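Notes to accompany the following structure.
2 protein chains.
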Amino acid sequence: MNGAQALIRTLVGCGVDVCFANPGTSEMHFVAALDDVPEMRGVLGLFEGVVTGAADGYGRMAGRPAATLLHLGPGLGNGIANLHNARRARTPVVNVVGDHATTHLAYDPPLTSDIGSLARPVSRWFRSSRSPHALSGDAVAAVQAAFGPPGGVATLVVPADASWQEAGDPLSGHPGPVLGTVGQDAVADAAKAMRSGEPAVLLVGGNALRARGLSAAARSAQATGAKLLCETFPARIERGAGLPPVERLGYLAEFTIAQLQGARHLVLADALAPVSFFAYPGVPGYLVPEGCEVHTLATGTDDAAGALEALADTLGAPVRVEGAAAARPERPTGALDAQSVAAAIGALLPEGAVVSDEGNTSGIFVPGATAGAPPHDWLCLTGGAIGQGLPLATGAAVACPDRPVLCLEADGSAMYTLQSLWTQVREGLDVTTVVLNNGSYAILELELSRVGARDPGPRARSMLDLGHPDLDFVALASGMGVPAWRATTADEFTEQLERALSEPGPALVEALLR
Amino acid sequence: MNGAQALIRTLVGCGVDVCFANPGTSEMHFVAALDDVPEMRGVLGLFEGVVTGAADGYGRMAGRPAATLLHLGPGLGNGIANLHNARRARTPVVNVVGDHATTHLAYDPPLTSDIGSLARPVSRWFRSSRSPHALSGDAVAAVQAAFGPPGGVATLVVPADASWQEAGDPLSGHPGPVLGTVGQDAVADAAKAMRSGEPAVLLVGGNALRARGLSAAARSAQATGAKLLCETFPARIERGAGLPPVERLGYLAEFTIAQLQGARHLVLADALAPVSFFAYPGVPGYLVPEGCEVHTLATGTDDAAGALEALADTLGAPVRVEGAAAARPERPTGALDAQSVAAAIGALLPEGAVVSDEGNTSGIFVPGATAGAPPHDWLCLTGGAIGQGLPLATGAAVACPDRPVLCLEADGSAMYTLQSLWTQVREGLDVTTVVLNNGSYAILELELSRVGARDPGPRARSMLDLGHPDLDFVALASGMGVPAWRATTADEFTEQLERALSEPGPALVEALLR
Chain E
127 MNGAQALIRT LVGCGVDVCF ANPGTSEMHF VAALDDVPEM RGVLGLFEGV
177 VTGAADGYGR MAGRPAATLL HLGPGLGNGI ANLHNARRAR TPVVNVVGDH
227 ATTHLAYDPP LTSDIGSLAR PVSRWFRSSR SPHALSGDAV AAVQAAFGPP
277 GGVATLVVPA DASWQEAGDP LSGHPGPVLG TVGQDAVADA AKAMRSGEPA
327 VLLVGGNALR ARGLSAAARS AQATGAKLLC ETFPARIERG AGLPPVERLG
377 YLAEFTIAQL QGARHLVLAD ALAPVSFFAY PGVPGYLVPE GCEVHTLATG
427 TDDAAGALEA LADTLGAPVR VEGAAAARPE RPTGALDAQS VAAAIGALLP
477 EGAVVSDEGN TSGIFVPGAT AGAPPHDWLC LTGGAIGQGL PLATGAAVAC
527 PDRPVLCLEA DGSAMYTLQS LWTQVREGLD VTTVVLNNGS YAILELELSR
577 VGARDPGPRA RSMLDLGHPD LDFVALASGM GVPAWRATTA DEFTEQLERA
627 LSEPGPALVE ALLR
Chain U
127 MNGAQALIRT LVGCGVDVCF ANPGTSEMHF VAALDDVPEM RGVLGLFEGV
177 VTGAADGYGR MAGRPAATLL HLGPGLGNGI ANLHNARRAR TPVVNVVGDH
227 ATTHLAYDPP LTSDIGSLAR PVSRWFRSSR SPHALSGDAV AAVQAAFGPP
277 GGVATLVVPA DASWQEAGDP LSGHPGPVLG TVGQDAVADA AKAMRSGEPA
327 VLLVGGNALR ARGLSAAARS AQATGAKLLC ETFPARIERG AGLPPVERLG
377 YLAEFTIAQL QGARHLVLAD ALAPVSFFAY PGVPGYLVPE GCEVHTLATG
427 TDDAAGALEA LADTLGAPVR VEGAAAARPE RPTGALDAQS VAAAIGALLP
477 EGAVVSDEGN TSGIFVPGAT AGAPPHDWLC LTGGAIGQGL PLATGAAVAC
527 PDRPVLCLEA DGSAMYTLQS LWTQVREGLD VTTVVLNNGS YAILELELSR
577 VGARDPGPRA RSMLDLGHPD LDFVALASGM GVPAWRATTA DEFTEQLERA
627 LSEPGPALVE ALLR
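Line by line, the protein sequences give chains E and U. Mind the numbering: the first sequence is residues 127 to 640 in the working numbering, read in order. Mind the numbering: the second sequence is residues 127 to 640 in the working numbering, read in order.
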């Protein structure tokens, strides 16, 4: 058994049985070994940003890591943006990067670079395997590190000669995250704050955003009158009819400031104290109001849902609170705009859907329109690195073959990792992509004015303009084998979305919002 | 004047007047300042790999750096692969990366990461500007560092608050590379080796690959009987009818070994001693034959062409040698394959063309078929990070608006940075792209057997297969506004290529090689 075979067998033995791959020569033994270990499913991506984003989507939905397979420093480089998002999402990912044979590095051949320096900013664990005999143990350590807690990207560099040389036996294990139990002091402190009679906010995030944590949080909020909010961009949140509704912190600092205004206590359940996404001249970066005391109930290594249940019980909260009422918007007619797009999605979102949300500016009304839709999961852009949506949807669909996946994608962001569509066809994934085509980096038009650049000139505006030429997403999708339609009215969009959702494989609807 | 304005004015004052950009919020003041400094041309890319590859292509052809504009660590990450190629090409690039305001970093907002750790592996110079008053001086230093020698990527991180705060006056300068003059000892040593009567190879690269250096090298080879070779993947080489022909070192180690077999002296003129691109079990990595003495005539910081002229004069070489004869293949007919594609290109390559060559496996016959075409420049994949070809062609076309650009692009590589086509349309660039669509990562099929994985199974083979679904590059190009045609016969391909070359803007021909 060579090192590559031992590595793959060990990963499978640790429950890692999907590998999103874009391999090169130094990874050929890994590729060859896929036929020796049929338990490992290899999923090819045409670009590394697809590979790493898919691993993120898979990990968020499966609750266990996928492996990647990347080609040396440049291949890793192409995957960094979505590894950055995975890092912020705390998604477990076993990030396998092939390298030159150890004996070859001294010659500094063209593809050589400092892989460690590239990997560390996105990795919570990094190791370069030094021999084929170390590979199995390194793989177990990588899986364990990926799980954490907190979860994250564990990067394992595999030199080509470690892959091709004779290795020891594979290992196995059942690593997984062991969340800490929050102590009574933290629960009592949070309870005291929420009972104080002073305005309090309970801010939930991370592990607290599944039904169990949200229910407990809603109970405490109802019992005390505290305001319940969740983080701006959750990695994964369960929502929809019957689930406790929770308002998200705003993206713009001004909105967050308004949401927190007057709060004297901020209780954090696996959420960070709010800060502005970007800095702006004259706007504060730290958004907790002056005089507001911050209470940390649970961090990312804790069982936040358990802590929230303990808090609710301490508060003597009602055992059950009302979830969101089942409600769908009417099927929209007339003009196609951000609101009618949202209404159509709200009208049609299937039960059990997984929504990968990179709708950005034009997607702003969709969360509201789907609040009463049948229960579903919502995945957000966690690290701000655009180009996440399509790969994330791809990986989520691999993790959840029985659930429909809806990808809300802004035109600008779509063009980063559009190659995802090809993988969706190849793997027969049930992903419906909605491209919100407004012909611009609309978020930047807003930001340009917000940073103080008033009345921008034509050359600045042209840097935010995605027309000239217009992007034709129907043609682009067709070029990768995805059936696609373009909608210019709300009626067309609704019909096309319905059709796309009803088809088993991938499909794309381009909503022309210009 | 704010920092962004001072930065752009300083860059222009140093001769850097093109900026390939994919900006975000933290770069909005830079974008706004484009209207204040009309001498700076902003060129938008839809993805950072386009931006950095275009800067590489621009720098190779213009001989001076373009600036980039990238958005924090993830934006830089997306550009790393082509910065890696630029580093290996020693192309001058001023790589501007926006960052959060200095006051904002402490809050670790979502887009924060260690930009320095990401940048250093591809940068020969790195600095994070600490204040608006430092920006102009930092920009001058970055331009100087980009020029070298050796040239390379100079990464300047610009915090948002340095951009928006009041800054001092812009600076200007005329930095540029000052190449060293090679001493008489090195020239005499090389001359002695080449006169020794023992088999000698003169290996030229880098700065030696323009007409002047190549002519001098050819004179010395002719005078001594030494074999003249050039590096495997030149950043830029002048070639064609009337220019001295030079054989390139092979990509596969076995070929290089055969080319160097029996050599007792290897004279290096701005070239590195040959090493294998990848390691293979049982194949040597260092390819200089045993018993062959290596003589360094010139390094990357030297005036290699001047050194070659001194060598030729020392050797009493003829003042002029015959260049390649003008010769074009016949227009091909019949089946479309790698050879007829090459013949068509050889028959039609326009005078003064710039060829961006990422044709990989299917492009193997094109250099031979164009050896007698009218004079042209040839740009190769220097760092092995695929996805270079289309962006490089884009940047070369910006640098050389009066020259036709031909991009030879393999299907697999094309899918990395296809967004380049959109920038070509927007800027009206005269780039003709030939996509060699063989439906596979063909180079990896070869490599899979070479690394010792014989008789690969279906799962391994599927990782190298680009069919299922087939990529339709005509549809993909149309989606970005590029006129495109598909050829299935040599006659069709020749007609379509002729038409594409005759049109002023971008066009694409997909050669179906299956």
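C-beta: ideal position from N, C-alpha, C; glycine also. Quick caveat: nothing in here was measured; it's all calculated off a predicted structure.
Under the three-state reduction of DSSP output, U:F273 falls in the helix class. Any Cβ of chain E closer than 8 Å to the Cβ of U:N204 would place that residue at the interface, and such an atom is present. Between U:V220 and U:A180, the C-beta gap is not smaller than 8 Å, which leaves the two residues out of contact.
For the beta strand (DSSP E) assignment, the uninterrupted runs of no fewer than 3 residues enclosed by the segment 474-536 of chain U are, from N- to C-terminal side, 480-484, 502-506 and 531-536.
Separation of the CB atoms of E:W251 and E:G129 is rounded to 19 Å, and the pair is thereby denied contact status at 8 Å. Within the same chain, and ignoring the five residues on either side of U:A424 in sequence, the residues whose Cβ sits closer than 6 Å to its Cβ are V308, A395, D396, A430 and A433. Contact between E:G332 and E:G274 is absent: CB atoms are separated by about 11 Å, not below the 8 Å threshold. Across the structure, E:R390 and U:L261 are spaced so that their CA atoms are roughly 42 Å apart.
Going by C-alpha positions, E:L297 is about 10 Å away from E:I134. Bounds of the beta strand (DSSP E) holding E:F146 are V144 to A147. Around the beta carbon of E:Q310, fewer than 16 other beta carbons lie within 10 angstroms, which makes this residue exposed.
DSSP places E:P285 within a strand segment (E or B) once states are collapsed to three. Close partners of E:W290 in chain U (Cβ separation under 7 Å): P407, V577 and G578. Apart from the 5 residues on each side of it in sequence, E:A443 sits with its Cβ closer than 7 Å to the Cβ of R345, S346, Q348 and A349 in its chain, given in chain order.
Here E:T459 is exposed. Its C-beta has fewer than 16 other C-beta atoms within 10 Å. Between U:L196 and U:D225, the gap from beta carbon to beta carbon reaches 8 Å or more.
Among the residues of chain U, those whose CB is under 8 Å from the CB of E:R585 are L160, D161, P164 and G168, following chain order.
The shortest CA-to-CA distance from U:F173 to any of E:Y567, E:L574 and E:E624 is the one to E:Y567. Around the beta-carbon of U:P584, fewer than 16 other beta-carbon atoms lie within 10 Å, marking it exposed. Burial is judged here by how many other beta carbons sit within 10 angstroms of a residue's own beta carbon; E:Q131 has at least 16 and is buried.
Look at E:T440 here: in three-state DSSP terms it is helix.
Following the DSSP letters along the chain, one finds U:R345 inside the alpha helix (DSSP H) bounded by residues A337 to T350.
Along the segment 552-590 of chain E, the alpha helix (DSSP H) occurs as fully enclosed runs of 4 or more residues at 568-576 and 584-588, listed in sequence order. U:G605 and E:T136 have their alpha carbons spaced roughly 43 Å apart. Between E:A158 and U:P582, the gap from beta carbon to beta carbon is short of 8 Å.
Selection U:R167, U:T422 and U:A314 evaluated against E:M589 yields U:R167 as nearest (Cα-Cα). Beta-bridge partners assigned by DSSP to U:C356: U:V330 and U:R374. Contact between E:L340 and E:P303 does not hold, since their C-beta atoms are separated by about 19 Å, which reaches or exceeds 8 Å. Pairwise C-beta distances place the segment 499-518 of chain U in contact with the segment 210-217 of chain U, as three or more of them are shorter than 8 Å. For U:V220, the secondary structure class from DSSP, reduced to helix, strand or coil, is strand.
The segment 176-219 of chain E is shown to contain whole alpha helix (DSSP H) runs of 4 or more residues at 198-215, in chain order.
Taken through DSSP and simplified to helix, strand or coil, E:S239 comes out as coil.
Residues of chain U with a Cβ closer than 7 Å to the Cβ of E:Y233 are, in chain order, V401, G411 and Y412. Under the Cβ criterion of 8 Å, E:S255 is not counted among the residues facing chain U. Interface annotation, E:S239: in contact with chain U, CB-CB separation under 8 Å.
U:H259 has a beta carbon lying at 8 Å or more from every beta carbon in chain E.
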